[in-house]
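Report on the structure given below.
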Amino acid sequence: MTGQAARIAAAWRSARSVVPPGHLDAAGCNVPSDRVLDAVVAHLRLERERGGYAAVPDLTTAKSALAALVGAGPGDVAFLESGTAAMAALLGGWRLAPGSRVGHVRTEYGSTLMLLRHLAAWRGWNLVELPVDGDARLDVEGLRARLTAGLDLVIVSHIGSHRGVVQPAGEIGTLCRAAEVPFVLDVCQSLGHVEVRGAGASAYVGTSRKWLAGPRGVGFLIVPGVTPAMDAAAPTLGGHLWNEPSPGTGGERALPEPLPGAVRYESSEGAIAARVGLGVAVLEYHALGPSAVHARLADRGRMARALLDGAGGWRVAEPLEEPSALVTLRPPPGDTAEKAAARAAAASLLVSVVPTGRAPLDLREPVLRVSPPPGTPDETLHVLARVLAS
Ligand SMILES: *Cc1c(COP(=O)(O)O)cnc(C)c1O
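Under the UniProt record's numbering, the letters of the sequence shown match residues 1 to 390, in that order.
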């Protein structure tokens, strides 16, 4: 292990006085640090002492730290309740004319596909599946051709929930910008895990509890340039200005209006303490050093794939050298992801089963997902290899 990898592993562990035994589920729900937990609890106490509205925190630092991860600013961030809620808020309000062509990859997340099909049916959008290679990695030349033929929006998950392949976000961003086509990058599985800066997306959709190791119940949008076509899905009083009712002219009375910028998407009611906690988690990630964290995670992923591929006949689904720590495995005949996860639980290991509905156009059978956080010792992966072989 390099000195830097050892430093990250030790810092990760020492920041957490309690970690579930054998935790290998960073892609599902990671373990917040003690400081994150303390910040959440402290804010809940403050809300009780002062009254929730009097305790409203200044989240500018949290938003700046989060936005910096994609090269954006604090005014570009909106907090919501989950990645799914963020995607629905973003796409639901996007004014794309009937007949607009929306490109996506077949690895797209189940709830995003449900949303896209729904919007396509209601609004007359055409969904265009973009070409991929044998690993379901977007074919960049194929995207170029589709952009030339005409696309109005491109949506890609940087890393899927069910496959550790890192999509070429930088190249996609470059092509979309050149074609002046907006590009939505789902970073739920990539922010805190791999480099996202340089993607140059029009909007990023993310979540707190996975690789950023924030609390549950927070998702976010980072929208570096809200255009006039982008409004919140269901205009609400969250993220909108109150207008004074117009004097009784007999005409239509004025309603609240969306605030300029990304905050128009933000829900004003929510788990505010959890947003405070996410801010602390993101600052901790900056303090660890994102590139050192990425290197450590890529190392955990490579080691897991090397140890697990072939164990008991299980096969790793993505390239063994893929620079991610999201590892997925296909069962051998006679075994299933559910059975293996139960054996792992009996050995005090926490792994997850990814059902086909998570990526319905790509997954043919449930896979076992192993996603080690940075502090994972080698021994935990060795134990899992023995469990798979048993
Ligand atoms: C988890 C996930 C989401 C949804 O995030 P939630 O916070 O669970 O709603 C979206 N896309 C991908 C790729 C994910 O892994």
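By construction, the Cβ of each residue, glycine as well, lies at the ideal position given by its N, Cα and C atoms.
Predicted model only: the values in this text are computed from it and were never measured.
Quiz item: Taking the continuous alpha helix (DSSP H) assigned at valine 383, which residues delimit it?
Solution: Counting from one through the sequence shown, the residue named residue 383 turns up at place 383. Unbroken alpha helix (DSSP H) run through valine 383: 378 to 389.
Quiz item: Are at least three pairs of beta-carbons, each pair with one atom in the segment 269 to 282 and one in the segment 203 to 219, less than 8 Å apart?
Solution: yes
Quiz prompt | Proximity of proline 224 and glycine 71 at Cβ, strictly below 9 Å | solution = Translated into the one-based positions of the sequence shown, residue 224 becomes position 224. Translated into the one-based positions of the sequence shown, residue 71 becomes position 71. Yes, the Cβ-Cβ distance between proline 224 and glycine 71 is below 9 Å.
Quiz item: Can you name the start and end residues of the alpha helix (DSSP H) that serine 111 belongs to?
Solution: Position 111 of the sequence shown, counted from the start, is the residue given in the question as residue 111. It spans 110 to 123 - the alpha helix (DSSP H) in which serine 111 sits, taken as one unbroken run.
Exercise. Within the same chain, show all residues whose beta-carbon is closer than 7 Å to that of arginine 343, passing over the 5 residues directly before and after it, in chain order.
Key: Here residue 343 is taken as the residue at index 343 of the sequence shown, counted from 1. Here the set comprises Val387, Ser390.
Self-check item: Sheet register partners of tyrosine 204 (DSSP bridge)
Solution: Translated into the one-based positions of the sequence shown, residue 204 becomes position 204. Paired residue(s): Leu185, Ile222.
Quiz item: How big is the Cα-Cα spacing for proline 332 and tryptophan 314?
Solution: Here the question's residue 332 lines up with position 332 in the sequence shown. Here the question's residue 314 lines up with position 314 in the sequence shown. Distance between the alpha carbons of proline 332 and tryptophan 314 is about 5 Å.
Quiz item: Smallest Cα separation from histidine 193: which of Val327, Ile172, His294?
Solution: In the sequence shown, residue 193 corresponds to position 193, counting from 1. With distances taken between Cα atoms, histidine 193 lies closest to His294.
Quiz item: If you measure from each residue's Cβ to the nearest non-hydrogen atom of ligand 1, which ones come out under 6 Å, in chain order?
Solution: That query returns the following residues: Ser82, Gly83, Thr84, Tyr109, Ser157, Gly160, Ser161, Asp186, Cys188, Gln189, Thr207, Gly219.
Quiz prompt | Other residues of its chain near arginine 296: CB distance less than 7 Å, five sequence neighbours each side excluded | solution = In the sequence shown, counting from the first residue as 1, residue 296 sits at position 296. Same-chain partners within the cutoff: Ala5, Ile8, Ala9, Pro374.
Practice problem: At 4 residues or longer, and completely inside the segment 301 to 385: list those alpha helix (DSSP H) runs for me, N to C. | Solution: 337 to 346
Quiz prompt | Of the listed residues Gln189, Arg45, Thr336, nearest to alanine 162 (C-alpha basis) | solution = Locating residue 162 in the sequence shown gives position 162, counting from the first residue. In the sequence as displayed, the identity of residue 162 is histidine instead of alanine. Of the candidates Gln189, Arg45, Thr336, Gln189 places its Cα closest to the Cα of histidine 162.
Practice problem: Provide the residue span of the alpha helix (DSSP H) that contains alanine 54, from first to last. | Solution: Mapped onto the sequence shown, residue 54 falls at position 54. Element bounds for alanine 54: n/a, residue is neither H nor E.
Exercise. Per DSSP, which residues does valine 280 bridge with? Please list them.
Key: For the purposes of this step, residue 280 is identified with residue 280 of the sequence shown, where counting begins at 1. None; valine 280 has no bridge partner.
Quiz item: Which two residues bound the contiguous beta strand (DSSP E) that contains alanine 65?
Solution: Translated into positions along the sequence shown, residue 65 becomes position 65. Not the beta strand (DSSP E): alanine 65 falls in the alpha helix (DSSP H), residues 60 to 68.
Quiz prompt | Cα-Cα separation between alanine 145 and arginine 177, rounded to whole angstroms | solution = Counting from 1 along the sequence shown, the entry for residue 145 is found at position 145. Counting from 1 along the sequence shown, the entry for residue 177 is found at position 177. Approximately 14 Å between the Cα atoms of the pair.
Practice problem: Give the DSSP-derived three-state secondary structure of arginine 13 in the structure shown. | Solution: Position 13 of the sequence shown, counted from the start, is the residue given in the question as residue 13. In the three-state reduction of the DSSP assignment, arginine 13 falls in the helix class, which pools H, G and I.
Quiz item: CB-CB under 7 Å to leucine 115, same chain, minus the five flanking residues each way: which ones, in chain order?
Solution: Numbered from 1 along the sequence shown, position 115 holds the residue referred to as residue 115. Taken in chain order, the residues that qualify are Met87, Ala88, Leu91.
Self-check item: Buried versus exposed call for glutamate 108 [16 or more other C-beta atoms within 10 Å across all chains shown]
Solution: To locate residue 108, count along the sequence shown from 1; it is residue 108. It counts as buried.
Quiz item: What number of angstroms, rounded off, separates the C-alpha of glycine 164 from the C-alpha of serine 268?
Solution: Sequence index remark: in the sequence shown, residue 164 carries index 164 (1-based). Sequence index remark: in the sequence shown, residue 268 carries index 268 (1-based). If you take the alpha carbons of glycine 164 and serine 268, they lie about 34 Å apart.
Quiz item: Does arginine 330 have its Cβ less than 9 Å from a Cβ in chain D?
Solution: This model lacks chain D altogether; it includes just one protein chain.
Quiz item: Would a C-beta distance cut-off of 9 Å place leucine 147 and valine 282 closer than the cut-off?
Solution: Within the sequence shown, the letter at position 147 stands for residue 147. Within the sequence shown, the letter at position 282 stands for residue 282. Not a contact, by the Cβ cut-off of 9 Å.
Practice problem: Identify which residue in Ala78, Ile222, Glu180 has its Cα closest to the Cα of valine 187. | Solution: For this step, residue 187 is matched to residue 187 along the sequence shown. When only C-alpha atoms are compared, the closest one is Ile222.
Exercise. Measure how close the beta-carbons of glutamate 81 and glycine 270 come, nearest whole angstrom, since I'm counting them as under 8 Å.
Key: Within the sequence shown, residue 81 is the residue found at index 81, counting from 1. Within the sequence shown, residue 270 is the residue found at index 270, counting from 1. At roughly 6 Å, the Cβ-Cβ gap stays under 8 Å, so glutamate 81 and glycine 270 are in contact.
Practice problem: Would you mind stating whether alanine 31 and histidine 43 have Cβ atoms separated by less than 9 Å? | Solution: Indexing the sequence shown from 1 puts residue 31 at position 31. Indexing the sequence shown from 1 puts residue 43 at position 43. Contrary to the premise, residue 31 reads as valine rather than alanine in this sequence. Not in contact: valine 31 and histidine 43 (Cβ atoms no closer than 9 Å).
Quiz item: Helix, strand or coil for glutamate 81 per DSSP?
Solution: Taking the sequence shown and counting its residues from 1, one reaches residue 81 at position 81. Reduced to three states, the DSSP call for glutamate 81 is coil.
Quiz item: Can you tell me the Cα-Cα spacing of leucine 191 and alanine 254, whole angstroms?
Solution: Taking the sequence shown and counting its residues from 1, the one referred to as residue 191 is at position 191. Taking the sequence shown and counting its residues from 1, the one referred to as residue 254 is at position 254. So the two alpha carbons sit approximately 40 Å from each other.
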